[in-house]
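Peer 1: Quick one: structure below, then a few questions.
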Amino acid sequence: MGKNTIQYYWLLGGIFAMLVFSACNKEATCLQYATIGARVDFKTLNDSLKTKDTVLLKPILLFETFGLINDNVSAMRFTLNSTADSMQFLIAADSAKAIFDTIKLNYTRTANFVSKECGYNYYYTLQSARSSHVAVKKIEIIQPLISDNINAKHLQVYY
Amino acid sequence: MQSTFKYIINIICILCFVNIANAQITSTIDSTKAPIDTVVKNKSFIAKVKTSALFANSQPKALYVGIDAAKLVYNLLDSNRLRIETYAELFLKNKNWITANVGFANAKFSSTALQYSSQSSGVLVGYAKSLFPFISDKDMDNAFIGFGYGFALNRVGEATYTISDIWGTTTGITPANTNVAHFAELDAGFRMAITKRFMLGWRIQGKTILNAKVFKTIAPIYIANYGAGDKSTIFGYNLMATWRIW
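Residue numbers (this note's numbering), protein chains in the order written: chain A, 76 to 234; chain B, 53 to 298.
This is the structure we're talking about:
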């Protein structure tokens, strides 16, 4: 093999590959981080104790410093307090009528590794769920583990 | 962006090897001093010339040791990672050689969400084969392909994480852990004798971790002889500077 030919390809391939690989070794940024949320479904409990999915006109969840409100939904999603092992909030089936119940949740937090770039988030395991009974008839834990499974239903509130 | 670069690299290398192959045939024909028209018209003659005793398997037995010069450059560019890879290559007859790499890596990572460090040391053994005949005992220039298996012992230090969301900020520490990574690689490259005893070569590698389940949780930042620990399949690059000691 001619020395000149070898040198040409050696330099061409080697230098190009080194430049490309050094460029590709940049640190990635966090693109996949997602806050873990609990889903609460609304149900109606009739006199014969049968249940059915219920669309609420304008349900509202009121937390310490912020609130969530929505229109014509049968479920809502909220983030648990990541700084404590319990939380409480107010819930009303219709924000216009403002008939509130208080819901208190106890849970444990488990640090879950997401990626090097995103770090960790918390998975939660519900230990208990209690509610006042102004309008709410019952609250029930369906799936205690709150993770990145967005299809999971965690709580059911019965009116 | 990264995958685009990888495709470009692959294409460039394939083109290089194809053209080197053409150059090799031309070189072989020239050295026989055969008339060009005879060679072109008679394909069997070309085959005969390529496998003639003049060029076949004349690579000498030799032992080379060396270091990955690219990693030394990368160390200067990235103060968070110290990577060292050393080589021992035993050239056999019939255009083959076996390799043993010993590597070390210290790395630290720091972002607003996570800070931790890791150490890794490992061994990679492999086999490589030259793609073209050697012209003489002194000819060590060639393109090659190879494969290898490696393992590395990794220690991931305590990780401090910070979780920030609408509720506020919490921090925590995960305990240190030790694990072993097993990985396989395919590689291809080119090497050239600079002096009688000194060779330079480069190679690109495709590597995959064989026990990726171990790294579902926090992974070592850098695995010796492999690369980024949080990627189960990666491409790598070596610039090999080797000296003949036997």
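The C-beta atom is built at its ideal place from N, Cα and C for all residues, glycine as well. As the structure is a prediction and not an experimental result, all values here were calculated from the model.
#1: Taking a cut of 9 Å between CB atoms, which residues from the region 209–241 of chain B lie near chain A?
#2: From the beta carbon of B:Phe143, is the nearest beta carbon of chain A less than 9 Å away?
#3: So for B:Tyr274, helix, strand or coil by DSSP?
#4: Could you name the residues of the region 140–156 of chain A whose beta carbon sits closer than 9 Å to any beta carbon of chain B, in the order they occur along the chain?
#5: Straight-line CA distance for B:Trp254 to B:Asn153?
#6: Taking 9 Å as the threshold (C-beta atoms), are B:Phe287 and B:Gly241 in contact?
#7: Determine the direct distance from the alpha carbon of A:Ser203 to that of B:Lys283, and round the result to whole angstroms.
#8: What would DSSP say about B:Met192, mapped onto helix, strand or coil?
#9: Grab me the residues of B:Ala165's own chain with a C-beta within less than 7 Å of its C-beta, minus the 5 sequence neighbours each way, in chain order.
#10: State yes or no: is the beta carbon of B:Ala114 nearer than 9 Å to at least one beta carbon in chain A?
#11: Return the first residue and the last residue of the alpha helix (DSSP H) that A:Lys127 is part of.
#12: Mind checking B:Glu210: buried by the 16 CB within 10 Å criterion, or exposed?
#13: At which residues does the alpha helix (DSSP H) containing A:Val211 begin and terminate?
#14: Apart from the five residues on each side of it in sequence, which residues of its chain come closer than 7 Å, Cβ to Cβ, to B:Gly279?
#15: A:Phe188 to B:Tyr201, Cα distance in whole Å?
#16: Since A:Tyr195 and A:Arg184 are thought to touch, with beta carbons under 8 Å apart, how far apart are those beta carbons, to the nearest angstrom?
#17: Could you tell me how far apart the beta carbons of A:His208 and A:Val115 are, in whole angstroms, since I believe they sit closer than 8 Å?
#18: Am I right that A:Phe164 and A:Leu201 are in contact with their C-beta atoms under 8 Å? What's the rounded C-beta distance?
#19: Is B:Ile98 close to chain A, meaning its C-beta is less than 9 Å from at least one C-beta of that chain?
#20: Output the boundary residues of the beta strand (DSSP E) element that contains B:Ala236.
#21: Rounded to whole angstroms, what's the CA-CA distance from B:Thr151 to B:Ser182? Just pull it up for me.
#22: Quick one: is A:Ala204 near chain B, going by C-beta distance under 9 Å?
#23: Whose C-beta lies closer than 8 Å to the C-beta of A:Ile221 among residues of the same chain, with five residues either side of it excluded?
#24: Note down the Cα distance separating B:Asn148 from B:Ala236, rounded to an integer number of angstroms.
#25: Taking 9 Å as the threshold (C-beta atoms), are B:Ile261 and B:Ile275 in contact?
#26: Between B:Leu134 and chain A, is there a C-beta pair that is closer than 9 Å?
Peer 2: This is what the structure gives:
#1: Taking 9 Å as the Cβ-Cβ cut-off against chain A, the residues of the region 209–241 of chain B that qualify are Ala211, Tyr213, Thr214, Ile215, Ser216, Asp217, Ile218, Trp219, Gly220, Thr221, Thr222, Gly224, Thr226, Gly241.
#2: Along the second sequence, read from residue 1 onward, the residue named residue 143 of chain B stands at position 91. At a cut-off of 9 Å, the C-beta of B:Phe143 has no neighbouring C-beta in chain A.
#3: As a first step, residue 274 of chain B must be located in the second sequence, where it is residue number 222. In the structure shown, B:Tyr274 falls within a strand segment according to DSSP collapsed to helix, strand and coil.
#4: Residues Thr140, Phe141, Thr154, Leu155, Asn156.
#5: Against the second sequence, residue 254 of chain B aligns to sequence position 202. Against the second sequence, residue 153 of chain B aligns to sequence position 101. Roughly 15 Å separates the two Cα atoms.
#6: Within the second sequence, residue 241 of chain B is the residue found at index 189, counting from 1. Within the second sequence, residue 287 of chain B is the residue found at index 235, counting from 1. No, these two residues do not count as a Cβ contact at 9 Å.
#7: As a working note, residue 283 of chain B is residue 231 in the second sequence. As a working note, residue 203 of chain A is residue 128 in the first sequence. Taking C-alpha positions only, B:Lys283 is separated from A:Ser203 by approximately 39 Å.
#8: As a position in the second sequence, residue 192 of chain B is number 140, starting the count at 1. In the three-state reduction of the DSSP assignment, B:Met192 falls in the coil class, being assigned neither a helical nor a strand state.
#9: Here residue 165 of chain B corresponds to residue number 113 of the second sequence, with the count starting at 1. Within the same chain, B:Ala165 has close Cβ partners Tyr213, Thr214.
#10: Taking the first residue of the second sequence as position 1, residue 114 of chain B is located at position 62. Not an interface residue.
#11: To locate residue 127 of chain A, count along the first sequence from 1; it is residue 52. Note, A:Lys127: premise wrong, no alpha helix (DSSP H); beta strand (DSSP E) at 126–128.
#12: Numbered from its first residue, the second sequence carries residue 210 of chain B at position 158. By the 10 Å Cβ count, B:Glu210 comes out exposed.
#13: Residue mapping note: residue 211 of chain A aligns to position 136 of the first sequence, counting from 1. Here A:Val211 belongs to no alpha helix (DSSP H), and DSSP marks it neither H nor E.
#14: Walking along the second sequence from the start, residue 279 of chain B turns up at place 227. Answer for B:Gly279: Lys259, Ile286, Gly288, listed in chain order.
#15: Translated into the one-based positions of the first sequence, residue 188 of chain A becomes position 113. Translated into the one-based positions of the second sequence, residue 201 of chain B becomes position 149. Whole-angstrom Cα-Cα distance: 28 Å.
#16: For the purposes of this step, residue 195 of chain A is taken as residue 120 along the first sequence, with counting starting at 1. For the purposes of this step, residue 184 of chain A is taken as residue 109 along the first sequence, with counting starting at 1. Between A:Tyr195 and A:Arg184 a beta carbon distance of about 11 Å is seen, past the 8 Å cut, so the two are scored as non-contacting.
#17: Within the first sequence, the letter at position 133 stands for residue 208 of chain A. Within the first sequence, the letter at position 40 stands for residue 115 of chain A. So it is not a contact: roughly 16 Å between Cβ atoms.
#18: Residue mapping note: residue 164 of chain A aligns to position 89 of the first sequence, counting from 1. Residue mapping note: residue 201 of chain A aligns to position 126 of the first sequence, counting from 1. About 14 Å separates the Cβ atoms of A:Phe164 and A:Leu201, ruling out a contact at the 8 Å cut-off.
#19: In the second sequence, the residue the question calls residue 98 of chain B occupies position 46. With a pLDDT of 48 at B:Ile98, under the threshold of 50, the modelled position of this residue cannot be trusted; read the value that follows with caution. Chain A has no Cβ within less than 9 Å of the Cβ of B:Ile98.
#20: Numbered from 1 along the second sequence, position 184 holds the residue referred to as residue 236 of chain B. If you look at B:Ala236, you'll find it in the beta strand (DSSP E) that goes 229–245.
#21: As a position in the second sequence, residue 151 of chain B is number 99, starting the count at 1. As a position in the second sequence, residue 182 of chain B is number 130, starting the count at 1. Straight-line Cα distance between these residues: approximately 13 Å.
#22: Within the first sequence, residue 204 of chain A is the residue found at index 129, counting from 1. Not one chain B Cβ lies under 9 Å of A:Ala204.
#23: Residue numbering aside, residue 221 of chain A sits at position 146 when the first sequence is read from its first letter. Ile111, Gly112, Ala113, Leu155, Tyr182, Tyr198, Tyr199, Thr200, Leu201, Ala227, His229.
#24: Numbered from 1 along the second sequence, position 96 holds the residue referred to as residue 148 of chain B. Numbered from 1 along the second sequence, position 184 holds the residue referred to as residue 236 of chain B. Each residue's Cα considered, the two are about 19 Å apart.
#25: Working through the second sequence from its first residue, we reach residue 275 of chain B at position 223. Working through the second sequence from its first residue, we reach residue 261 of chain B at position 209. Their beta carbons are under 9 Å apart, which means B:Ile275 touches B:Ile261 by this criterion.
#26: Within the second sequence, numbered from 1, the residue matching residue 134 of chain B stands at position 82. No, no contact with chain A.
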